[in-house]
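Data first, discussion second: the structure below is written as structure tokens.
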Amino acid sequence: MLFLWIIIFCASLFILIKAADYFTESAEKIGLVLKISPFIVGVTIISIGTSLPELATSIIAVIRDQTEIVAANAIGSNIANILLIIGIAALVAGKLVVKRSLIDIDLPLLAAATALIAVILWDKQVTMGEGIVAILGYIVYAAYTIKDDKEKRKRPEGIVPGEDIPATREHRHHFRKKHRELNLKLIFVLIFSIVFIYFGADWTIRSIVNIAELIGVSSSLIVMSAMAIGTSLPELVVSVGAARKGKFELALGNVFGSNIFNILMVIGIPSLFKTLKVDEATFAVGLPFVIGATILYIFSGISKKIHNWEGMMYLLIYVLFIAKLFGLF
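Set out below in structure tokens:
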């Protein structure tokens, strides 16, 4: 029976991740057809899309009255994003170069979001009021990011070469005309991906609960370990691929955006429906590790480089986290 539920967990998680990919791709194209700025599409649709598996499973967990899964989900994913993804990316690339914009803007915002969620989780529950504060925090982050991008575009160095030449305008017109014809197909894909996201998330939560019962551990342990690694795989592929090509800003920015969304929205939105519980494993192990991982990430960022030996250290700390989670020391 345990083996069957493990297969169901892997299959449902795969369906959830693939459906989230299709949702993001179709929503992004619809946004561009509607002439929404590509940057705004990136800040909103793409950042939501990469964290959609976490958000969907958290909402289903609340519906199934497994509210302790929500905080474990967000925290486990953030720990994996920092220690696992950045660790592997640094090892693959040899070193990651941190750009000034990430140090000046993203690092302080990630630190502030982590500090906020630590305060919110301190009483081992998340109320509707606290969830609203977290959601407002994300809205402020998104608004600030969009405002900063607009200011950069006003500067001479922010102008994109060839943006206004006739050939470029003609290309954009052809792109929009082509994609208007695909509108119905995109909407069809969007709707079906939402359906598959729901069923994927539902069966992921069912399998987690059953696996936890069969092996005699809390659901939060499965969520912070196996599920966190599974839902971080898309970000891992993006970040490692970007790091190998020397696109360090994409490799690191992918983690920043995902982590801020996880902390503020994946915990904030489900708390609007029901007060969330925070179990002992999440509070005593997950919370200290996510704070520690974030501080480590900030110091690495300030140094402007993350070397391969630091990547190895990140991975060793992640192994320690998993060992501590299951009481191995």
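Counted from 1, the sequence shown has number 231 at position 240 by this note's numbering; the numbering is strictly sequential.
In this text, a Cβ means the ideal position worked out from N, Cα and C, and glycines have one as well.
Residue i versus residue j - alpha carbon distance
{"i": "Val151", "j": "Ser294", "result": "Any reading at Val151 must be qualified, since the residue scores a pLDDT of 46, below 50, and its modelled position is unreliable; the value itself is stated next. Using only the alpha carbons, I get a separation of about 30 Å."}
{"i": "Phe274", "j": "Ala102", "result": "18 Å"}
{"i": "Ile137", "j": "Met(-8)", "result": "49 Å"}
{"i": "Leu(-5)", "j": "Val180", "result": "30 Å"}
{"i": "Ser198", "j": "Ile185", "result": "20 Å"}
{"i": "Gly244", "j": "Leu93", "result": "7 Å"}
{"i": "Glu45", "j": "Ala65", "result": "7 Å"}
{"i": "Leu25", "j": "Ile36", "result": "13 Å"}
{"i": "Ile213", "j": "Ile76", "result": "19 Å"}
{"i": "Leu175", "j": "Leu224", "result": "30 Å"}
{"i": "Glu240", "j": "Phe264", "result": "36 Å"}
{"i": "Gly237", "j": "Asn72", "result": "19 Å"}
{"i": "Ala219", "j": "Gly120", "result": "27 Å"}
{"i": "Phe317", "j": "Ala10", "result": "31 Å"}
{"i": "Ile282", "j": "Ile308", "result": "13 Å"}
{"i": "Lys115", "j": "Met215", "result": "17 Å"}
{"i": "Glu226", "j": "Leu205", "result": "30 Å"}
{"i": "Trp300", "j": "Phe183", "result": "44 Å"}
{"i": "Ala217", "j": "Leu23", "result": "35 Å"}
{"i": "Ser230", "j": "Phe14", "result": "20 Å"}
{"i": "Thr58", "j": "Ala109", "result": "17 Å"}
{"i": "Phe0", "j": "Asp139", "result": "41 Å"}
{"i": "Phe320", "j": "Val310", "result": "12 Å"}
{"i": "Asp12", "j": "Lys315", "result": "32 Å"}
{"i": "Ile123", "j": "Asp95", "result": "26 Å"}
{"i": "Arg334", "j": "Ile27", "result": "Residue 334 is absent from the model: the chain starts at -8 and stops at 320."}
{"i": "Thr195", "j": "Gly232", "result": "27 Å"}
{"i": "Ala134", "j": "Glu142", "result": "12 Å"}
{"i": "Val200", "j": "Ile130", "result": "32 Å"}
{"i": "Phe166", "j": "Gly207", "result": "For Phe166, the pLDDT reaches just 48, beneath the cut-off of 50, and the residue's location in the model is therefore unreliable, leaving the point undetermined."}
Beta-bridge partners of residue i, as assigned by DSSP
{"i": "Lys268", "result": "Gln116"}
{"i": "Lys86", "result": "His298"}
Contact set for residue i: own chain, Cβ-Cβ below 6 Å, skip 5 residues either direction
{"i": "Leu177", "result": "Ser17, Lys20, Ile21"}
{"i": "Ile156", "result": "Because the pLDDT at Ile156 is just 43, under 50, the model does not fix this residue reliably, and the point stays unresolved."}
{"i": "Thr285", "result": "Thr105"}
{"i": "Lys90", "result": "Glu240"}
{"i": "Thr118", "result": "Thr266"}
{"i": "Ser49", "result": "Val61, Asn64, Val257, Pro261"}
{"i": "Gly78", "result": "Gly302, Tyr305, Leu306"}
{"i": "Asp193", "result": "Ile51"}
Integer Cβ distance of residue i from residue j, believed to fall under 8 Å
{"i": "Ala87", "j": "Ile297", "result": "Correcting the residue type first, residue 87 is Leu in the shown sequence and not Ala. Contact holds; Cβ gap of about 4 Å."}
{"i": "Phe269", "j": "Ala62", "result": "Inspection of the sequence shows that residue 269 is occupied by Val rather than by Phe. Yes, they are in contact, since the Cβ atoms of Val269 and Ala62 sit about 5 Å apart, within 8 Å."}
{"i": "Leu112", "j": "Leu278", "result": "6 Å"}
{"i": "Ser221", "j": "Ser3", "result": "A small fix is needed here, since residue 221 is Gly in this sequence, not Ser. 10 Å between Cβ atoms; not a contact."}
{"i": "Leu74", "j": "Tyr305", "result": "5 Å"}
{"i": "Gly302", "j": "Ala125", "result": "Wrong, their Cβ atoms sit about 30 Å apart, outside the cutoff."}
{"i": "Ile39", "j": "Ser211", "result": "Not really, about 24 Å apart at Cβ, beyond 8 Å."}
Nonlocal neighbours in the same chain, by C-beta distance under 8 Å from residue i, ignoring five residues either side
{"i": "Ser42", "result": "Ser68, Ser249, Phe252, Asn253, Met256, Val257"}
{"i": "Ala234", "result": "Ala80, Ala81, Val83, Ala84, Leu87, Ala242"}
{"i": "Tyr189", "result": "Ala47, Ile51"}
{"i": "Val53", "result": "Val61, Pro261, Phe264, Lys265, Leu267"}
Contacts around residue i, its chain only, beta-carbon distance under 7 Å, and the 5 residues preceding and following it disregarded
{"i": "Ile(-3)", "result": "Ile202"}
{"i": "Leu322", "result": "This structure cannot speak to residue 322, because the chain is shown only from -8 to 320."}
{"i": "Ser209", "result": "Ala203, Asp270, Ala272"}
{"i": "Gly128", "result": "Ala104, Leu107, Leu255"}
{"i": "Leu100", "result": "Tyr132, Ile251"}
{"i": "Phe187", "result": "Ile6, Ala10"}
{"i": "Phe280", "result": "Ile70, Phe312"}
> Residue ranges of each alpha helix (DSSP H) run of no fewer than 4 residues wholly in the segment 195 to 260, ordered along the chain?
Replying inline: 210 to 213, 219 to 235, 239 to 252
> In the segment 36 to 84, which residue ranges form an unbroken beta strand (DSSP E) of at least 3 residues, counting only runs that do not cross its ends?
Replying inline: none
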